[in-house]
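This report refers to the structure that appears directly beneath it.
Residue numbers (full-length UniProt numbering): 1 to 172.
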């Protein structure tokens with residue numbers, strides 16, 4: 001394979017930078033979570049700062065970068081565990097096992113209703129330049145497809161979220 005073909009292939013890729021634990025960053029730095037006005041404003045400033053830095057990196061290097069709402073998965077537990085071992089006073093999510101909340105999402109134990117959660121995440125989610133999804137956690141299943149359709153239309157017309165889904169509750 002010639003160098004031109006290989007170089008061209010990589011010209012279509014980008015490096016992804018993501019955030020894990022914005023809620024816990026707010027708790028540790030501000031003493032308030034991401035649902036507070038201060039936490040939300042801080043999160044917006046941080047996302048804009050990172051996005052601007054990535055734009056500058058792109059201009060300097062010619063490489064593509066994107067800012068993604070990182071789901072975290074295993075990394076959220078691993079990083080929180082390492083932080084707890086090194087800095088035992090640090091605030092993490094989780095009572096028995098430490099973890100960090102995904103990206104700039106609301107904490108798992110948030111009592112925001114769907115409208116409040118959508119309103120809160122509306123500006124945050126639009127600051128990402130890469131992958132992001134807002135999960136509309138429903139308290140119950142929607143059996144009528146027309147009701148689901150209406151809800152999707154309401155969210156799509158009233159919010160600027162790049163991607164969202166309706167998530168039924170899971171019972172164990």
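For each residue, glycine too, the CB sits at the ideal point set by N, CA and C.
Everything numeric in this text was worked out from a predicted model, so none of it was measured.
Can you check whether the CB of residue j is closer than 8 angstroms to the CB of residue i?
i           : j           : result
residue 153 : residue 103 : no
residue 120 : residue 16  : no
residue 159 : residue 136 : no
residue 84  : residue 71  : no
residue 75  : residue 92  : no
residue 54  : residue 65  : yes
residue 18  : residue 73  : no
Can you check DSSP and say which residues form a bridge with residue i?
i          : result
residue 15 : 65
residue 93 : 99
residue 20 : 102
Which one of the options has the shortest CA to CA distance from residue i?
i           : options          : result
residue 49  : 77, 129, 109, 64 : 129
residue 44  : 160, 125, 30     : 125
residue 95  : 86, 77, 105, 87  : 77
residue 134 : 166, 110, 127    : 166
residue 123 : 139, 143, 42     : 42
residue 127 : 9, 8, 105        : 105
From which residue to which residue does the beta strand (DSSP E) around residue i run?
i           : result
residue 166 : 164-167
residue 137 : 134-137
Tell me, to the nearest whole angstrom, how far the beta carbon of residue i is from that of residue j; I am working on the premise that it is less than 8 angstroms.
i           : j           : result
residue 38  : residue 30  : 5 angstroms
residue 132 : residue 162 : 6 angstroms
Would you kindly report the start and end of the unbroken alpha helix (DSSP H) that includes residue i?
i           : result
residue 77  : 74-86
residue 116 : 114-125
residue 161 : Taken as a continuous stretch (DSSP letters only), residue 161 belongs to no alpha helix (DSSP H), as it is neither H nor E.
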